[in-house]
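Structure, as structure tokens:
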Amino acid sequence: MQTDVEIAQAATLKPIGEIAAGLGLQESDYEPYGHDKAKISLDVLARRKDQPDGKLILCTGINPTAAGEGKTTTNVGLSMALNRIGKKAMTTLREPSLGPCFGMKGGAAGGGFAQVVPMDDINLHFTGDFHAITSAHNLLSALLDNSIHQGNPLGINPKRIVWKRVLDMNDRALRNIVVGMGKIGDGVVRESGFEITVASEIMAALCLATGLEDLKERFGQMVVAYTYDKEPVTAAQLQAPGAMALLMKDAVKPNLVQTLENTPAIIHGGPFANIAHGNNSVIATQTALKLADYVVTEAGFGADLGAEKFFNIVCPAGELQPDAVVVVATVRALKLNGGKDKKQLAEEDLDALGAGLVNLEQHLENLQKFGVPAVVALNRFPSDTEAELELIRERCAQLGADVALSEVFAQGGEGGEDLARKVVELCEQDSSYTPLYEPGDSIRAKIEKIATEIYRADGVDYAGPALGQLSQIEQEGYGTLPVCMAKTQYSFSDDPALLGAPRGFRITVRELVVNAGAGFVVALTGDIMRMPGLPKVPAANGMDIFDDGTIVGLS
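The working numbering puts the sequence shown at residues 175 to 729.
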């Protein structure tokens, strides 16, 4: 069987101008990046602001497992299937990070015959957005250290600097570093570290901003350090926002590409859902809603992370009104959640499947709390038996959720037509979308509500500096910001080993970080880290490119 990159490189792509014209865009509305990529002007959204929006469909999933779920593949396949049944549809996705691409997870362009292309460009440097974010972030770091070196006029306490540097690579050796070593002119010696670019507050701000001016204002509000008097120091005080915005002048524009079946796709921004808010940019989604009748967007990892943040952070920020939710699952992943050995997932096992279905059921119950109708997309594998499929249908029916088999990996859009029809039916129903908590609720109340109602924890404990930080956040006026939970993606709990739908546990918050520019407070739980490491055998070890342009190992 062909690999993903072989399928992608064999695809027949339309010139990007032809894709843009199909959306009603003029040549002045976009800037080509080669033959098959383009930046869409922000003027497009501004001119169409009074047009009615299309239908918005969120693609989410169960907690990810080693068995794989295929959420991005389903997203892309559904957008193609909607076009096949006569709807004007497009997809919006996050940009992949180089870290997981060269690490363990792989890229994020879909798979099989449901991919966005050019897959190799999208998974690698694409249009340079991540490089711009990295540069803008590290410019602020440099200005911060320079201010301290040049007499420290703001009275910054070097031991209370909260702004680290970033790099779009998994590199555990950079988590904790010392800067300023050497001669007197080499800066002030202090401890620091690196985070991965997708964890940067600049990434979060980009994905929640409504334009360049809004992004610049968000830059100014970013808290980078505290003074000796424990007062917050912002990027605005370092006179950094203008130069940061200059570096981001092109990155703020969404990227237009296409699927293997030439369905338009906008790919823009890329925050992880386990350490950030996990959704593509608001600008991308808003633009797509003005260009298509049906827009499929995706939230990272399981619905307890990406979907929760979509409903509680992204929708309010972008004034979005979602119409339907697709929850992606596989028989294999559900059996793994039920205790089945991953080497035996091809065997029929109704007991393991029945035990693992509690994971899907809890996600469906949680989504009902947001008032948006949902359908389950069962990403089908050849080893799935009819008895297993029927058990899933029965259990989902008890919660009022329909199930559609998805075979887009092998068949492209044709394999998702049943799912597409069910999604169209859902979009005709009334959606009563409501966030989980009120905007004015305290940080503590918001964390408690997410932990008890979404994760089903018995309560929340605050360890280390978190309790003191909670009081400080309230004193500084950030006490009613939304909460972005940083938690393992593998479990509803903060322990990645607790699969299924665990009970009898508590969530431990060990640190709180104010992202005032992004507009939320990050609550770090368990052992979650903002700079991942590489596995024992990184994916990079199997990658190569040959003289004729053939690429191997990229997925």
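Just so you know, even glycine gets a beta-carbon here, dropped at the ideal spot from N, CA and C. Keep in mind that this is a model prediction, so the values were computed, not measured.
Check the C-beta distance from L256 over to V500 and give it rounded, since I have them as a contact under 8 Å. About 11 Å; that fails the 8 Å criterion.
Assuming K261 and D497 are in contact, meaning their beta carbons sit under 8 Å apart, how far apart are those beta carbons, in whole angstroms? Contact flag wrong, Cβ pair sits at about 13 Å.
Please report the Cβ distance between P238 and F393, rounded to the nearest whole angstrom; I am assuming they are in contact, meaning their Cβ atoms lie under 8 Å. Contact flag wrong, Cβ pair sits at about 32 Å.
Where DSSP assigns a beta bridge to G235, which residues make up the other side? V502
By Cβ distance below 8 Å, which residues in the same chain neighbour Q395 in space, the five residues on each side in sequence not counted? T408, A409, A410, A690, G691
Do you know how far the Cα of F666 is from the Cα of G329? 42 Å
Inspect the beta-carbon positions of P609 and N533 and report whether they are closer than 8 Å. no
Limits of the beta strand (DSSP E) - the one that I681 falls within: 681 to 689
Integer Cβ distance of A185 from L434, believed to fall under 8 Å: 5 Å
Name the DSSP beta bridge partners of Q351, please? Reading the sequence as shown, one finds Ile at residue 351 and not Gln. BP columns for I351 point to S366.
Please report how far the alpha carbon of N453 lies from the alpha carbon of A575, in whole angstroms. 24 Å
In the structure shown, what three-state DSSP assignment does S580 receive? strand
Where the beta strand (DSSP E) through F694 begins and ends: 694 to 699
CA nearest to the CA of I351, picked from E535, V688, V363: V363
Over the uninterrupted beta strand (DSSP E) stretch that includes K330, give me the two end residues. Residue 330 is actually Ile in this sequence, not Lys. Unbroken beta strand (DSSP E) run through I330: 330 to 335.
I need the straight-line Cα distance from E375 to F304, nearest angstrom please. 13 Å
Out of T724, Q649, A619, A571, state which residue places its alpha-carbon closest to the alpha-carbon of D635. A619
Completely contained beta strand (DSSP E) runs for the stretch 458 to 511, where each covers 3 or more residues: 468 to 472, 498 to 503
Return the CA-CA distance between N320 and L412, expressed in angstroms with no decimal places. 10 Å
Per DSSP, which residues does K229 bridge with? Please list them. Y468
Would you check if the stretch 575 to 586 and the stretch 621 to 630 touch, i.e. whether three or more CB-CB distances between them fall below 8 Å? no
Please specify which runs of the beta strand (DSSP E), each continuous and at least 3 residues long, are wholly inside the stretch 615 to 685, giving them in chain order. 634 to 636, 657 to 660
Do the stretch 646 to 664 and the stretch 305 to 320 meet, that is, are 3 or more Cβ pairs less than 8 Å apart? no
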